[in-house]
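Each residue of the sequence shown is one higher than the one before, counting from 2 in the numbering used here.
Virtual Cβ for every residue (Gly too), placed ideally from N, Cα, C.
None of these values were measured; they are calculated from a predicted model.
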Amino acid sequence: MSKHAFISYKAEDANFVIQLATDLKNAGFRVWVDRLQGIVTGDEWLAAIGKALENSSALIAVITPEYFTTRYCRDELIYAYLHDIRIIPIILRPIDFKTIPKNLFWLEDIHFISFENYAYDEQIYKDGLAAIQDRLRKID
């Protein structure tokens, strides 16, 4: 994978995302997460996110019931879809698939990786991490 994987998530899931990004980096993958890029108050964070998306070969979407309520998360998914960036959706907490916005109908055709209950079962996290790594290796 010559480019990086962009992680799209809601702010309240930052702890999980930072752990995931760290584990992926430790396994040799290039990962972009806004909170790890040194973006500070006053920076043009939207421009930085846009540039990061343009330079991505994959978008890892950390899906929760709240994920689709954020315009930025939806926009990141749509950008990736329209620009043929590989989308790797992971389920962090159970969602009702009927709540996926209609303009994201194509998500139903993508295999989701489940991290549900990872906090109670370390093997769920390990299996999910391995599945993401396998998908990232197949890109490019």
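If we define contact as Cβ-Cβ less than 8 angstroms, is His-5 a contact residue for chain E?
Chain labels in this structure do not include chain E; a single protein chain is all it has.
Report yes if the C-beta distance between Ile-91 and Ala-59 is below 8 angstroms; otherwise report no.
In the sequence shown, the residue the question calls residue 91 occupies position 90. In the sequence shown, the residue the question calls residue 59 occupies position 58. No. Outside cutoff.
Helix, strand or coil at Ile-111 according to DSSP, with G and I counted as helix
Position 110 of the sequence shown, counted from the start, is the residue given in the question as residue 111. Coil at Ile-111, not helix or strand.
Met-2, DSSP secondary structure in three states:
Residue 2 sits at position 1 when you count from the first residue of the sequence shown. Only weak support is given to the placement of Met-2: the predicted model assigns it a pLDDT of 47, under 50, and the value that follows is read from those uncertain coordinates. In the structure shown, Met-2 sits in coil (DSSP, three-state: anything other than H, G, I, E or B).
DSSP-derived helix/strand/coil call for Val-34:
Taking the first residue of the sequence shown as 1, we reach residue 34 at position 33. Residue state, collapsed to three classes: coil.
Measure how close the beta-carbons of Leu-54 and Tyr-80 come, nearest whole angstrom, since I'm counting them as under 8 angstroms.
Position 53 of the sequence shown holds residue 54. Position 79 of the sequence shown holds residue 80. Confirmed, about 5 angstroms.
Cβ-Cβ separation, Arg-36 to Ala-15 (assumed contact under 8 angstroms), whole Å:
In the sequence shown, the residue the question calls residue 15 occupies position 14. In the sequence shown, the residue the question calls residue 36 occupies position 35. Taking the Cβ atoms as the reference, Ala-15 lies roughly 6 angstroms from Arg-36, within the contact range of under 8 angstroms.
Is the distance from the Cβ of Ile-133 to the Cβ of Ile-64 below 8 angstroms?
Here residue 133 refers to the residue found at position 132 of the sequence shown. Here residue 64 refers to the residue found at position 63 of the sequence shown. No, the Cβ-Cβ distance between Ile-133 and Ile-64 is not below 8 angstroms.
Paired residues, beta bridge with Ser-9 - DSSP
If you number the sequence shown from 1, residue 9 lands on position 8. DSSP, once it has assigned bridges, lists Ala-62 as partnering Ser-9.
What is the DSSP secondary structure of Ile-79, reduced to helix, strand or coil?
On the sequence shown, position 78 is the one that residue 79 refers to. Of the three classes helix, strand and coil, the one that applies to Ile-79 here is helix, per DSSP.
Tell me whether Ile-92 sits in a helix, a strand or coil according to DSSP, three-state version.
To locate residue 92, count along the sequence shown from 1; it is residue 91. In the structure shown, Ile-92 sits in a strand (DSSP, three-state: E or B).
Limits of the unbroken alpha helix (DSSP H) element including Ala-22
As a first step, residue 22 must be located in the sequence shown, where it is residue number 21. First-last of the alpha helix (DSSP H) with Ala-22: 15 to 27.
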